[in-house]
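Everything below concerns the one structure shown next.
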Amino acid sequence: MTQVLLVYPKFPESFWGHQRALEFLGLHASHPPLGLLTVAGMLPQDCDTRLIDLNITDLRPADLTWADVVLTGGMMVQRPSVEWIIERCEETSVPVVVGGPDVTSSHEQIKGHPHFVLGEADNAEFVEAFDGMIASREQIILDIHNDRPDISKSPLPRYDMIRLNQYAAMAMQVSRGCPFKCEFCDIPELFGKTTRYKSADKSIAELEVLYRQGWRGSIFWVDDNFIGNKKSAKLLLPHITQWQEAHDRPFRFYTQASVNLAADDDLMAGMVEAGFETVFLGIETPIDASLRETKKLQNVKCDLLESVRKVQRIGMEVTAGFIIGFDNDPPDVDRHLINFIQDSGIPTAMAGLLTAVPGSPLYDRFKKESRLIHTSAVREGNNTFEFSFNFKTIQDPKILIKAYKNVLHEIYGKPANYFKRVETLYAHLGKNNCRTIQFTFRRLWAFIKSILMIPKSRYGRAYGKFLVRTLFRNPSKFWTAVFHGIVGVHFHELTVERIAVHEFDGYVRTAMNRIQEACQRGRGEGLTNTAQVLADARKKLKALPTAIRGEMRTLYEELEMALEGMAASSASTQPP
1 MTQVLLVYPK FPESFWGHQR ALEFLGLHAS HPPLGLLTVA GMLPQDCDTR LIDLNITDLR
61 PADLTWADVV LTGGMMVQRP SVEWIIERCE ETSVPVVVGG PDVTSSHEQI KGHPHFVLGE
121 ADNAEFVEAF DGMIASREQI ILDIHNDRPD ISKSPLPRYD MIRLNQYAAM AMQVSRGCPF
181 KCEFCDIPEL FGKTTRYKSA DKSIAELEVL YRQGWRGSIF WVDDNFIGNK KSAKLLLPHI
241 TQWQEAHDRP FRFYTQASVN LAADDDLMAG MVEAGFETVF LGIETPIDAS LRETKKLQNV
301 KCDLLESVRK VQRIGMEVTA GFIIGFDNDP PDVDRHLINF IQDSGIPTAM AGLLTAVPGS
361 PLYDRFKKES RLIHTSAVRE GNNTFEFSFN FKTIQDPKIL IKAYKNVLHE IYGKPANYFK
421 RVETLYAHLG KNNCRTIQFT FRRLWAFIKS ILMIPKSRYG RAYGKFLVRT LFRNPSKFWT
481 AVFHGIVGVH FHELTVERIA VHEFDGYVRT AMNRIQEACQ RGRGEGLTNT AQVLADARKK
541 LKALPTAIRG EMRTLYEELE MALEGMAASS ASTQPP
């Protein structure tokens, strides 16, 4: 019997992870590793399988001693964790096989010498090559990235391998691929330009598995574009609705879709009837020239603000992605984004800097134009708080980064703005959406903890006032308001901390450069303001949020040591 250990790599903290909100619920992960659970369902029946999610627990030496082979892989932002897993496996001589979107696009950048699976692993060729990968001492690269398997033949994910109560939501997939040509996106290259759907029977079977294992609550349909083929999506929805009705509606759904969803009333109504409460829309920017530049033409063909409101009016909350850094962005791009986000009532606005992702047409274009700048995989995979670009921008990057920080500060750094958007959302939803928050002791404890934070911070006080207003004006949405308040904690704290880190780091590095330049002109001039620089740095360090003060203290100590070294060097070169 082959002993197979599946290891899901860790995510760094970011907007997307909701880590601070999960802490209120006593959880560590939003979703289970759907890809690995699907691969586990493909393995030969004589395999003994175990799964470790590094977002929840640690990988122990005993786990690797037990394993005959390790399977891992993930997204670009998880690469440091993947490389750590590879290193641990190579230290203990355990074969390791790595797959997923990151290695499919950039396997040559991965450190170590694991076996690679490039493309969609739910493929017969992977199963056929599996034994050879375990036995081979030479690296095997299985390149099947041009294959587009029938995903209706994919096995049922092995949800039995996880503890369901460790996750905030379950994950399912019904389609792969996207027909649109957005230049910054690598999805068509990874999964094809034609959207492939599972059969309705297969999707219902997956719902049934989760139901029988006792799951009740949210399910994230992880499709990159749930409505990539509207006809197929419409054929699926009545089956989901019928199943939900037959089982007393145990699940609430959320997913991702293109903005042209708003142009199809029947499709939106079908999604609401099936149980979809939230949809993520790729809005990117209200700047028409930037949308045309990036070939996101489906967004040019509609009134974006009205499209968001239409989706909300029919009963679905809209979350959305926004990007700064297009060649055609105006200097005041931050004002355009802030006004749109506030007016539309999108509480969860995932704003980030434009990134040229390997495998995307944008990456290829910038490579031809010699505009690429080498950066880390974490930077390229997480555009949340890496305040830099991996390409040469047309606009001054300092202006764009300042605009980005201003967007974050306005939409999340100011709690009043966040709660105003939530209330705008409730006004648009009307009575069409009353999110059903099921009572659990875990949620009750999260509510109590959220109440306890009210007198302790500016965010807490704004949250308390928001709850009171909701209780009087919109009592049916009170528990939904608690949910939004807890989610907002994550965005607010992370925004305040990361901007403070970036600005303190910038201050220290600027001070160092200024003093070094002065020293080159004359040591006396360079050291004159040393004491004042250190005093200012100490003051800024003390003003930082407590959670990051320790992280930044190391940087301050580096500044202090550098200045002391310069002073000592100056003294030794003075004439007697």
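Reminder that position 314 of the sequence shown reads as 314 in my numbering, one-by-one numbering, no gaps. We put the beta carbon where it would ideally sit given N, CA and C, even for glycine. Since this is a predicted model, take the numbers as computed values, not measurements.
Between the CA atoms of residue j and residue i - distance to the nearest angstrom
i	j	result
M288	V300	At residue 288 the sequence reads Asp, which differs from the Met that was named. Those two C-alpha atoms are separated by around 6 Å.
V127	M42	7 Å
S370	T393	11 Å
F253	V222	10 Å
D186	R443	37 Å
G460	F483	14 Å
E551	L541	10 Å
V94	T495	40 Å
D53	Y211	22 Å
D58	A29	14 Å
K230	K539	57 Å
A416	F387	25 Å
M170	G132	33 Å
C47	N55	24 Å
V97	I401	38 Å
P61	L235	48 Å
Which of helix, strand or coil DSSP assigns to residue i
i	result
W215	coil
L142	strand
S360	coil
I448	helix
S105	helix
F366	helix
T278	strand
G99	strand
F220	strand
T510	helix
G352	strand
M172	strand
F11	coil
H502	helix
G321	strand
C185	coil
C178	coil
I85	helix
L27	coil
T546	helix
Buried versus exposed, by CB contacts within 10 Å (16 or more), residue i
i	result
H374	exposed
L452	exposed
M271	buried
E284	buried
E120	buried
N165	exposed
Q312	buried
S476	exposed
L37	buried
I448	exposed
L5	buried
H428	buried
P32	buried
N513	exposed
T72	buried
G565	exposed
C-beta contact flag for residue i and residue j at 8 Å
i	j	result
G112	M75	no
L267	I227	yes
D327	N406	no
S258	F180	yes
D68	T2	yes
A547	E497	yes
R158	A40	yes
V508	L559	yes
H115	I85	no
I144	L118	yes
S154	P358	no
L563	I515	yes
E183	S360	yes
V174	K198	yes
L372	A356	yes
F251	G214	no
Any non-hydrogen atom of the ligand FAD closer than 7 Å to residue i Cβ
i	result
M552	No copy of the ligand FAD appears in this structure; indeed no ligand is present at all.
For this session: Determine, using beta-carbon pairs with one atom in the region 317-324 and one in the region 202-217, whether at least three such pairs fall under 8 Å.
Result: no
Problem set entry | Touch test, the region 414-423 against the region 298-315, Cβ-Cβ under 8 Å, three pairs minimum | no
Exercise. At a cut of 8 Å, does the region 20-27 reach the region 484-496 through at least three beta carbon pairs?
Worked result: yes
Exercise. Quick one: any contact between the region 466-478 and the region 341-350, if contact means 3 or more CB pairs under 8 Å?
Worked result: no
Exercise. Does the region 22-37 come close enough to the region 88-98 that 3 or more CB-CB pairs lie under 8 Å?
Worked result: no
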